[in-house]
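Colleague: Residue numbers (UniProt numbering): 1 to 682.
Even glycine gets a Cβ: it sits at the ideal position worked out from N, Cα and C.
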DNA sequence: TTAGGGTTAG
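(1) Could you check what DSSP says for residue 550 in three-state terms: helix, strand or coil?
(2) Throw me the rounded Cβ distance for the residue 314 and residue 363 pair, which I believe falls under 8 Å.
(3) Could you give the distance in angstroms between the alpha-carbon of residue 401 and the alpha-carbon of residue 367?
(4) Which residues bound the beta strand (DSSP E) around residue 634?
(5) Does the pairing of the segment 650-670 with the segment 576-587 give three or more beta-carbon distances under 8 Å?
(6) For residue 617 and residue 635, which I take to be in contact (beta-carbon distance under 8 Å), what is that distance rounded to the nearest angstrom?
(7) Taking contact to mean at least 3 C-beta pairs separated by less than 8 Å, is the segment 369-377 in contact with the segment 327-339?
(8) Check whether the Cβ atoms of residue 462 and residue 496 sit closer than 8 Å, and answer yes or no.
(9) In the DSSP output, what is residue 662 paired with across the bridge?
(10) Express the C-alpha separation of residue 648 and residue 584 in angstroms, rounding to a whole number.
(11) The alpha helix (DSSP H) that contains residue 274, what's its start and end?
(12) Where do the N-terminal and C-terminal ends of the alpha helix (DSSP H) with residue 201 fall, by residue?
(13) Between residue 6 and the rest of its own chain, which residues show a CB-CB distance below 6 Å, the 5 nearest in sequence each way excluded?
(14) Roughly how many whole angstroms lie between the Cα atoms of residue 487 and residue 345?
(15) Could you tell me how far apart the beta carbons of residue 192 and residue 224 are, in whole angstroms, since I believe they sit closer than 8 Å?
(16) In terms of residue numbering, what span does the alpha helix (DSSP H) encompassing residue 255 cover?
(17) Hey, quick one: how far does the alpha helix (DSSP H) through residue 533 stretch, first residue to last?
(18) Report yes if the CB atom of residue 574 is closer than 8 Å to the CB atom of residue 621, and no otherwise.
(19) Closest to residue 241 by C-alpha separation, out of 213, 228, 175, 62, would be which residue?
(20) For the structure I just gave you, are there three or more beta carbon pairs, one from the segment 10-17 and one from the segment 42-51, closer than 8 Å?
(21) Return the chain-ordered ranges of every beta strand (DSSP E) run that is complete within the segment 65-124 and spans a minimum of 3 residues.
(22) Let's test the definition: count the other Cβ atoms within 10 Å of the Cβ of residue 626 and tell me whether it reaches 16, buried, or not, exposed.
(23) Would you decide whether residue 312 is buried or exposed? Buried here means 16 or more other CB atoms lie within 10 Å of its CB.
(24) Between which two residues does the alpha helix (DSSP H) harbouring residue 414 extend?
(25) From residue 551 to residue 623, what distance separates their C-alpha atoms?
(26) Residues bridged to residue 675 by DSSP?
(27) For residue 555, which residues does DSSP report across the bridge?
(28) For residue 413, collect the residues of the same chain with a Cβ closer than 7 Å to its Cβ; drop the 5 residues on either side in sequence, then sort them by chain order.
(29) Per the contact definition of three or more C-beta pairs closer than 8 Å, is the segment 496-505 in contact with the segment 474-488?
(30) Quick one: measure Cβ to Cβ for residue 216 and residue 250, integer angstroms, because I've assumed they're closer than 8 Å.
(31) Apart from the five residues just before and just after residue 582, which ones in its own chain have a Cβ nearer than 7 Å to its Cβ?
(32) Locate the alpha helix (DSSP H) running through residue 61, then write down its first and last residues.
(33) What do you get for residue 151, buried or exposed, if any count of 16 or more other CB atoms within 10 angstroms of its CB means buried?
(34) Where does residue 482 sit, in a helix, a strand or coil, going by DSSP?
(35) From residue 94 to residue 359, what does the alpha carbon distance come to, in whole angstroms?
(36) Run through DSSP, which three-state label would residue 245 get?
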């Protein structure tokens, strides 16, 4: 709506305001000028509103909301204003909206040589190379085939999309190349891993600025050629923050933390990307505590750094992997306080984090709070429910998803089949295995076969599982052989177990452990010794078991027979009490899965009784009694729960009337009042 | 009178 000015502002006022525009560069100043222009009624002058839009859309301000509000009040904006607005959307990572605006523009104007580069950049951000090609055709028809900026943005689009031949074709046709064009192409070769061509172009370049050096450096570091990257880094005439970051990121990705930290320590300045690179590097290399530690350090050391989606992507994954619920709640709380939204991939990761940290309730509530639910959100919650043994809910949500018009993909079916296999729903698994192809047109991948095989194995249908593996059209991987071997161990079927183990050992040396467990369960102690000899010879160690439990922010970790804890005395008193109560409840130890051959049954029992999860549960029972006797005991374990511990934990949940939630290496067990959510299939 | 293309995290 335009408000007519009562009195035309004097030209001296307008002149003064325009001069203020050129000296402004902060959002605060922009807003002040915005107010001033409204108060003095200069806003309706196109010279003023145009300058204001330019200010809002240019760096470093780039404020999309204010820009759009100005744009919307201008009647019939000129082509440059449309161009600014499109660029602002692209710069704010809203390229879909930028393209939408571009198609609106087409009904008013013909795009010019300023419009097209922005649109190509948007296409490149969206990986929309087909659309880019179409608009490339349009730009030729409109006579912009030889415009330097149009050509340069096309080189960039094709480079980033990996179409180096096409990029090169445009590049070769250019009569007026500048550094930007060269850099686009060098970067294209570098990011596609063609370091040779990147280097060749770099050598041919008439003049180098820091972009070219950094692109080459990035190419080397991305392809893992860190010495070559370091060489470029040392040789470049002026290093900037971007080159430091690229180098640090290369080292972090390669797991060379020492070199990365050395650079991190010595660099002249840091930005958010520096910190994010380090956090992501720790996270992908499995050093979750350090990733979290860097985040805390950043908050402490860097005043005014506002963590963004990239920060949280690494951080949420790190917390999910650590499986500590209090950390999950803390990071989520931090995000809520700081206005980080849950749509898109962040929502997906949050759901996954809560599931992996043992609170499927919080995972579900995050899912429910997301207004525009995308496929990723549905998949994440379905996978989570499966992990927690809630197959009925997973199946129900799947139906809701389909009814809401979201088309399931391969991942959705992995989640669904996995949920079925975890509770032993073989018939449901079969039916969805069939339906996914017949009704939804989703191609079966090895994971889908894996889930069905697993469901068959968990329910003891080993022969059928074996036949299925032999008939399936894809080559079985180690996960599938491992399912069969685990199933054989559970059903104590030595023949099928050996069959699986023989096919497995080449793919996965750690498979000797379940084989040895199988022999132990079958009482074939000579075979156990043979396998253990073999493991020794090949240098394969059985991963030591541990369990952890968190209390008031502190992680307490136990190994078998642990006596190192500060409250060891109390823990062992509790263990004794547990033992007596279990005996009263009629528990008889299941000693079949004791790996070592111990002659006396009594000793076998003693070994079982000191399993790390029992120590953790004992600690949970004594440490949380005074605070809140009703909160569940949450234990994280690195290995699969053994038969005996599983039945013991069921009994303990009844005896002490406490929910006990155990995460093992593949799923969750919710123990309550004497039974477990896995229905004893695991 | 206002506008465009190239480097690092995800």
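Modeller: For this structure:
(1) In this structure, residue 550 counts as strand in the three-state DSSP scheme.
(2) So it is not a contact: roughly 19 Å between Cβ atoms.
(3) 12 Å
(4) 633-637
(5) yes
(6) 6 Å
(7) no
(8) yes
(9) 635, 669
(10) 12 Å
(11) Under the DSSP assignment, residue 274 falls in the alpha helix (DSSP H) whose first and last residues are 272-284.
(12) 195-204 is the extent of the alpha helix (DSSP H) around residue 201.
(13) Summary for residue 6: the model assigns pLDDT 49, below 50, so the residue's position carries little reliability, and this model does not support an answer.
(14) 35 Å
(15) Incorrect: roughly 14 Å between the Cβ atoms, too far for contact.
(16) No alpha helix (DSSP H) contains residue 255, which DSSP labels as neither H nor E.
(17) Per DSSP, residue 533 is one residue of the alpha helix (DSSP H) stretching across 525-538.
(18) In this structure, residue 621 lies closer than 8 Å to residue 574 by Cβ.
(19) 213
(20) yes
(21) none
(22) Note on residue 626: pLDDT 49, under 50, position unreliable in the model; no value is reported.
(23) In this structure residue 312 is buried. Its beta-carbon is surrounded by 16 or more other beta-carbon atoms within 10 angstroms.
(24) 410-423
(25) 8 Å
(26) 672
(27) 550
(28) 432, 436, 442, 448
(29) yes
(30) Wrong, their Cβ atoms sit about 12 Å apart, outside the cutoff.
(31) 648, 651
(32) Careful: residue 61 lies outside any alpha helix (DSSP H) and carries neither H nor E.
(33) Under this definition residue 151 is a buried residue.
(34) helix
(35) Using only the alpha carbons, I get a separation of about 33 Å.
(36) helix
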